[in-house]
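This report concerns only the one structure given below.
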Amino acid sequence: MSDADPRVSPLHDRHVALGAKLAGFGGWSMPLEYAAGTVKEHTAVRTTVGLFDVSHLGKAMVSGPGAAAHVNATLSNDLGKIAPGQAQYTLCCDDATGGVVDDLIAYYHDDEHVLLVPNAANHAEVCRRLREAAPEGVRVVDHHTEYAVLALQGRRSDEVLTAVGLPVGHDYMTFVDAAWQDGGSDVGVVVCRTGYTGERGYELIVPADAAGALWDALLAAGEEHDILPCGLGARDTLRTEMGYPLHGQDITLDVTPVQARLGWAVGWKKDAFWGREVLLAEKERGPERLLRGLRAVGRGIPRPGMLVSLTPDVPLCEITSGTFSPTLRTGIGLALVPTMVDPDAEVGVDVRGRREVFQLVKPPFVDTSVREG
């Protein structure tokens, strides 16, 4: 599916009715922002609550005898460290190069059922690789368009979920199978204590034909908390403030987990995962570059592709992610900086022909409540 003929979310008509500005993303037409604008949507999530449609995210079930073992032998993180009902951030790496094919969340139901949620653009490739490597009896079933995903994020998300009758309060990176009442009928909803914003929140996996009613109910229940529908623009500024990498920019097939500072999502003691040997070797010798944060000293706003230099005549790399931080009211960014550069150094960024000074910092850029409660 191309951006010229994009898929649309089950909530597309609602986004149009709300006046959303739509944009192509991973082969889907998704809301970039609504009438309030990205900064207000961002602020709603940081202070109260916001609701995102992220139905473009992939959904695939790995099932059958040995399903969990297959996931554990291929993806980077160690599924053996979590129990059924828990979720885990993990990486699909290329076996030959160690580069990141995709980053995704694995929802461990039991040894025979693991739900994977990859990024939209990489969903088919992740499924292909897992399917081709699957032992007899293990199936990788694509549910990309059968389910919607709603992300309710912010410090008032518990109150909103409670108001619509869904369970709250479970630990970070866990999930609960729940029944939601839609016009007298029970709808199965997976309530996941996950998100991409750095705030307390939930991601709800719901059948596509019930997504509209749940979206409406959440917005109605959140009115007293000043809830706002939020687009992918705010999702990007929120994740950048956290230093969360975006595949296709900060992590790619040319970037390894070691370089991206994602070694914590690698089960280094496992006997097998894609890319294991090359990544162990890189970890041992040390990477030549690392993903670092940059914070503006002045008023410059970094954007992807802008040149980063140590001095005007010593280029280093390019900005991979960059934006204006609504929380800090300054420019922030990420870049794969050579490790020979002091981690606290000041560097220059070419902002439309003007060299702006930035401080290298360790993300996150802001403090959040993601693991509270």
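Position 74 of the sequence shown, counting from 1, maps to 69 under the numbering used here, and the rest follow consecutively.
We put the beta carbon where it would ideally sit given N, CA and C, even for glycine.
Treat the numbers as computed from the prediction; the structure is a model and nothing was measured.
Residue i versus residue j - alpha carbon distance
i, j, result
"Met(-4)", "His242", "Here Met(-4) scores only 42 on pLDDT, less than 50, and its place in the model should not be relied on; the value that follows carries that caveat. In a straight line, the C-alpha of Met(-4) is about 18 angstroms away from that of His242."
"Pro282", "Leu275", "11 angstroms"
"Gly207", "His7", "9 angstroms"
"Thr318", "Val365", "21 angstroms"
"Val112", "Tyr197", "14 angstroms"
"Thr157", "Ile222", "15 angstroms"
"Asp105", "Ala63", "7 angstroms"
"Gly270", "Val95", "9 angstroms"
"Cys122", "Cys225", "29 angstroms"
"Arg230", "Leu302", "24 angstroms"
"Thr257", "Ser180", "Per the sequence shown, residue 257 should be read as Leu rather than Thr. Near 43 angstroms, if we compare the C-alpha coordinates of Ser180 and Leu257."
"Leu110", "Arg349", "47 angstroms"
"Ala298", "Leu17", "Here residue 298 turns out to be Arg, not Ala, going by the sequence shown. Distance between the alpha carbons of Arg298 and Leu17 is about 21 angstroms."
"Pro310", "Leu355", "15 angstroms"
"Gly288", "His10", "33 angstroms"
"Asp337", "Val273", "26 angstroms"
"Leu211", "Thr38", "The displayed chain sequence assigns Asp, not Leu, to residue 211. Each residue's alpha carbon lies about 21 angstroms from the other."
"Cys312", "Gly262", "29 angstroms"
"Phe353", "Ile246", "22 angstroms"
"Glu154", "Asp177", "19 angstroms"
"Thr69", "Ala101", "12 angstroms"
"Thr325", "Ala267", "43 angstroms"
"Leu171", "Leu161", "The question names Leu, but residue 171 in the sequence shown is Val. Between Val171 and Leu161, the C-alpha separation is close to 10 angstroms."
"Lys357", "Ala31", "31 angstroms"
Start and end residues, alpha helix (DSSP H) containing residue i
i, result
"Gly207", "Ala206 to Ala216"
"Lys278", "Arg271 to Arg280"
"Gly437", "Examination of residue 437 is not possible in this model, given that the chain is present from -4 through 368 alone."
"Val34", "Thr33 to Thr42"
CB contact check: residue i to chain D, cutoff 7 angstroms
i, result
"Arg124", "The structure shown contains no chain D; it is built from a single protein chain."
Test item: CB-CB of residue i and residue j under 7 angstroms
i, j, result
"Gly293", "Glu351", "yes"
"Val201", "Val184", "yes"
"Leu4", "Asp73", "According to the sequence as given, residue 4 is Ser; it is not Leu. Against a cut-off of 7 angstroms, the Cβ pair of Asp73 and Ser4 comes out as no contact."
"Asp97", "Asn117", "yes"
"Gln81", "Thr140", "no"
"Val344", "Leu305", "no"
"Val40", "Pro321", "no"
"Thr232", "Gly93", "no"
"Leu125", "Val136", "no"
"Val186", "Leu199", "yes"
"His165", "Arg151", "no"
"Gly75", "Glu107", "no"
"Pro1", "Ala15", "no"
Integer Cβ distance of residue i from residue j, believed to fall under 8 angstroms
i, j, result
"Pro240", "Ala255", "6 angstroms"
"Thr315", "Ala330", "6 angstroms"
"Ile296", "Val361", "Actually they do not touch by this definition, with Cβ atoms about 17 angstroms apart."
"Gly190", "Gln148", "5 angstroms"
"Ser71", "Leu86", "4 angstroms"
"His65", "Val133", "5 angstroms"
"Leu213", "Leu46", "6 angstroms"
"Pro79", "Tyr103", "6 angstroms"
Residue i versus the options, residue with shortest Cα-Cα distance
i, options, result
"Leu227", "Ser24, Glu28 and Val135", "Glu28"
"Cys175", "His165, Ala205 and Leu248", "Strictly speaking, residue 175 in this sequence is Trp, with Cys absent from that position. Ranking His165, Ala205 and Leu248 by Cα distance to Trp175 puts Ala205 first."
"Pro359", "Glu279, Thr192 and Pro307", "Thr192"
"Asp249", "Asp90, Val356 and Tyr167", "Asp90"
"Tyr142", "Gly59, Lys54 and Arg287", "Lys54"
"Met335", "Glu120, Ala146 and Leu285", "Leu285"
"Leu323", "Thr363, Arg151 and Arg280", "Thr363"
"Ser24", "Lys76, Asp153 and Ala115", "Ala115"
"Leu209", "Leu145, Arg151, Asp153 and Pro1", "Leu145"
"Glu194", "Lys76, Thr43 and Ala101", "Thr43"
"Gly238", "Lys264, Gly328 and Ala129", "Gly328"
"Glu127", "Pro1, Val57 and Val171", "Val57"
"Glu279", "Lys265, Val253 and Ala267", "Val253"
Range covered by the beta strand (DSSP E) that runs through residue i
i, result
"Leu156", "Leu156 -> not in any beta strand (DSSP E); alpha helix (DSSP H) instead, spanning Ser152 to Ala158."
"Thr318", "Val309 to Ser320"
"Gly326", "Thr325 to Pro333"
"Glu198", "Gly196 to Pro202"
"Thr85", "Gln81 to Cys88"
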